[in-house]
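J.:
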Amino acid sequence: MPSIHPLAALGEIAAEIAHELRNVLQVARTSVYLIRRDLARGAPVEDSLARLDRSVANAQAVVDDVLALAQAQALAKESVRLVETLRAACEDFDVHLDDIGIAPDLEVRAARGLLVRLFRSLLDNAVQTAPAGPPKITARAWHEDGKVVVEVADNGPGIAASLAPRIFEPLMTGRPGGTGLGLALAARIARAHGGSLTLVDGHGGESTNVPAVFRLALPV
Ligand SMILES: Nc1ncnc2c1ncn2[C@@H]1O[C@H](COP(=O)(O)OP(=O)(O)OP(=O)(O)O)[C@@H](O)[C@H]1O
Ligand SMILES: [Mg+2]
Numbered sequence: 002m003p004s005i006h007p008l009a010a011l012g013e014i015a016a017e018i019a020h021e022l023r024n025v026l027q028v029a030r031t032s033v034y035l036i037r038r039d040l041a042r043g044a045p046v047e048d049s050l051a052r053l054d055r056s057v058a059n060a061q062a063v064v065d066d067v068l069a070l071a072q073a074q075a076l077a078k079e080s081v082r083l084v085e086t087l088r089a090a091c092e093d094f095d096v097h098l099d100d101i102g103i104a105p106d107l108e109v110r111a112a113r114g115l116l117v118r119l120f121r122s123l124l125d126n127a128v129q130t131a132p133a134g135p136p137k138i139t140a141r142a143w144h145e146d147g148k149v150v151v152e153v154a155d156n157g158p159g160i161a162a163s164l165a166p167r168i169f170e171p172l173m174t175g176r177p178g179g180t181g182l183g184l185a186l187a188a189r190i191a192r193a194h195g196g197s198l199t200l201v202d203g204h205g206g207e208s209t210n211v212p213a214v215f216r217l218a219l220p221v
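If you're matching positions, the sequence shown starts at 2 in this note's numbering and goes up one per residue.
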């Protein structure tokens, strides 16, 4: 089996941490801006302070999560409710999560923070590619061959057929400003759980887009 040079792996980890920290730091900066502004006005700053506090905790979680991922055997799995992780991933995003065909008590064994991160990568893409306004997200889940299968879809334009086969490769992006790390990280999280993340191939042809329907399979 080919082995990955330790420094190459380190580069990938560093890139993933940087990728995940970008949004967190942006939220922190916004909070600091609001705190300064409200202090100058003598307005209350508790909400912004709480947000800043959450951002710092998030930044710490990013580093912990991604490092845990680098040592796949050490994943701290727990029983987590799928619906709850999806809802947690929706926080900080302007998305409509309707149509959840998932039993409220359906649980999987997963490292919770990483699973939320995986869903966040999918939602982030839905938001980035939505033509106008917040995207509509649908999710459903079922048991199949000793696995829990979760399907997440959005109502955006879908994925160019030429890009679809390489969508999970690191640095593969189809949009200006994209780094192409979101799905690579998400797929790595799925694999670290002994599962997989795939694009459900719809009816994409040469000129048609593949619908943005992602399928996560996790062993129970
Ligand atoms: N839900 C989606 N709808 C349409 N296109 C998508 C969707 N998800 C992914 N893509 C396409 O796949 C590409 C790769 O996605 P990925 O999340 O890996 O990287 P990125 O979004 O470009 O950058 P990053 O996530 O690192 O900020 C996207 O640039 C986009 O072209
Ligand atoms: Mg992305």
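Ideal Cβ placement from N, Cα and C applies to all residues, glycine included.
Quick check: the Cα distance between ALA188 and LEU40, rounded to an integer number of angstroms?
T.: For the purposes of this step, residue 188 is taken as residue 187 along the sequence shown, with counting starting at 1. For the purposes of this step, residue 40 is taken as residue 39 along the sequence shown, with counting starting at 1. Roughly 43 angstroms between the two C-alpha positions.
J.: DSSP on ASP95, reduced to helix/strand/coil?
T.: Along the sequence shown, read from residue 1 onward, the residue named residue 95 stands at position 94. It is coil, neither helix nor strand.
J.: Report buried or exposed for GLY102, applying the criterion of at least 16 other Cβ atoms within 10 angstroms of its Cβ.
T.: Position 101 of the sequence shown, counting from 1, holds the residue named residue 102. Per the 10 Å Cβ criterion, exposed.
J.: When burial is assigned at 16 or more other CB atoms within 10 Å of the CB, is GLY183 buried or exposed?
T.: Counting from one through the sequence shown, the residue named residue 183 turns up at place 182. Burial call: buried.
J.: Using a Cβ-Cβ cut-off of 7 angstroms (strictly less than) and excluding sequence neighbours within five positions of PRO220, which residues of its own chain qualify?
T.: Position 219 of the sequence shown, counted from the first residue, corresponds to residue 220. If we look at PRO220 and ignore the five residues flanking it on each side, its Cβ neighbours are GLY147, LYS148, GLY195 and GLY196.
J.: Suppose you measure from the CA of LEU172 to the CA of THR180; what does that come to, to the nearest Å?
T.: Your numbering for residue 172 matches position 171 in the sequence shown. Your numbering for residue 180 matches position 179 in the sequence shown. Whole-angstrom Cα-Cα distance: 6 angstroms.
J.: Does DSSP classify LEU26 as helix, strand or coil?
T.: Mapped onto the sequence shown, residue 26 falls at position 25. Helix, per DSSP.
J.: Hey, could you find the ends of the alpha helix (DSSP H) THR209 is sitting in?
T.: Within the sequence shown, numbered from 1, the residue matching residue 209 stands at position 208. Taken as a continuous stretch (DSSP letters only), THR209 belongs to no alpha helix (DSSP H), as it is neither H nor E.
J.: Just to confirm the assignment, what range does the beta strand (DSSP E) spanning ALA111 have?
T.: Translated into the one-based positions of the sequence shown, residue 111 becomes position 110. It spans 108 to 111 - the beta strand (DSSP E) in which ALA111 sits, taken as one unbroken run.
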